[in-house]
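The next block holds one structure in the form of structure tokens; read it before the comments.
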Amino acid sequence: MPIAMITGATSGFGRAAARRFAAAGWSLILTGRRSERLEALKQELGDSVEVLTLTLDVRDAEAVARAVETLPDELGQVTCLVNNAGLALAPQPAQEVDLADWHTMIDTNITGLVNVTHALLPRLIATGAGASIINIGSVAGSWPYPGGHVYGATKAFVEQFGYNLRCDLKGTGVRVTDIAPGMAETEFTLVRTKGDQAASDALYRGTTPLQAEDIAEQIFHVATLPDHININRLEVMPTRQTWSPFTIDRD
Ligand SMILES: NC(=O)C1=CN([C@@H]2O[C@H](COP(=O)(O)OP(=O)(O)OC[C@H]3O[C@@H](n4cnc5c(N)ncnc54)[C@H](OP(=O)(O)O)[C@@H]3O)[C@@H](O)[C@H]2O)C=CC1
Ligand SMILES: O=CCS(=O)(=O)O
């Protein structure tokens, strides 16, 4: 059976992707910081597919490397890495943000993603044809908006890192895709607002955001394409989300 390693499997896209891959019989390596949620997911899926849970903070390069080095033999030949763990913080304007929040986004969305990728690359290359790295970027990596500051910049990194990886992985069979979702109803906004449930509810009220399952379906689709197809970037927005015109500062 193919094997998927999914970071940030305790919530949102990651958890939905775990369920989608499990439904197709894939073996799973699921990571996140919240052990009890990982355990619950293992209870849910573990009867039908092999599930290994790893309580892991992606920012900890040593812990990530150790966890990947010590994968059990039967789960060592990873087919698909889903680099999903990530977060936004500080929706306020840049000039009002705590520096620590910028660092947390950089450490998680950039450093964490490269930590996991670096650790998994030898295993993915050993798998060869059919292997893939699916990075979860964002529309915020391409389209600026107020309060996007460092979050959007981290997702621009994710996109360009993926393209550059593709250059170096030529000939290995390993594919790299940046999936860039727009507004999706997960715990994302609760995290971004540091627990403001009312703000999160208000953002998603009266419209039709993407659901975690919508993105999980895209992740699974990309992971199961024929070996010779590489989707470089897949931007997915709700039908009811579009762009605004430029704004002008006037006297
Ligand atoms: N929802 C949206 O509108 C969009 C989200 N995205 C991106 O999608 C990805 C998933 O977000 P989404 O599902 O929406 O949000 P959720 O908050 O629901 O899920 C985020 C996941 O990331 C994990 N995570 C966060 N920090 C760390 C860390 N330091 N180490 C390990 N795991 C971590 C969390 O696990 P735990 O807390 O247990 O560690 C959780 O499982 C993120 O990269 C986000 O930027 C992109 C576009 C749109
Ligand atoms: O990445 C998340 C989507 S948005 O909040 O930037 O639109």
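Per full-length UniProt numbering, residue 1 is the first one in the sequence shown, and the count goes up by one each step. Cβ coordinates follow ideal geometry from the N, Cα and C atoms, glycine included.
Selection 107, 104, 111 and 203 evaluated against residue 241 yields 203 as nearest (Cα-Cα).
Assigned with DSSP and collapsed to three states, residue 31 falls in strand. Residue 132 sits in a strand when the DSSP states are folded into three classes. Counting the other Cβ atoms within 10 Å of the Cβ of residue 243 gives fewer than 16, which makes it exposed.
Between the C-alpha atoms of residue 166 and residue 221 there is a straight-line separation of about 19 Å. If you draw a straight line from the Cα of residue 6 to the Cα of residue 78, it is about 11 Å long.
Cβ contact annotation for residue 207 (same chain, cutoff 6 Å, sequence separation greater than five): 240, in chain order. Shortest gap from the CB of residue 142 to any heavy atom of ligand 2: 6 Å or more. Residue side-chain check: residue 138 places its Cβ nearer than 6 Å to a non-hydrogen atom of ligand 2.
Spanning the alpha carbons of residue 86 and residue 48 requires a straight line of approximately 28 Å.
According to the DSSP secondary-structure assignment, residue 184 is paired through a beta bridge with 210.
In the DSSP secondary-structure assignment, residue 51 is bridged to 28.
With a threshold of 6 Å, the Cβ atom of residue 183 counts as near ligand 2, since some heavy atom of the ligand is closer than that. Residue 33 sits away from residue 60, with the two beta carbons spaced by 7 Å or more. Per the coordinates, the alpha-carbon of residue 43 lies some 11 Å from the alpha-carbon of residue 50.
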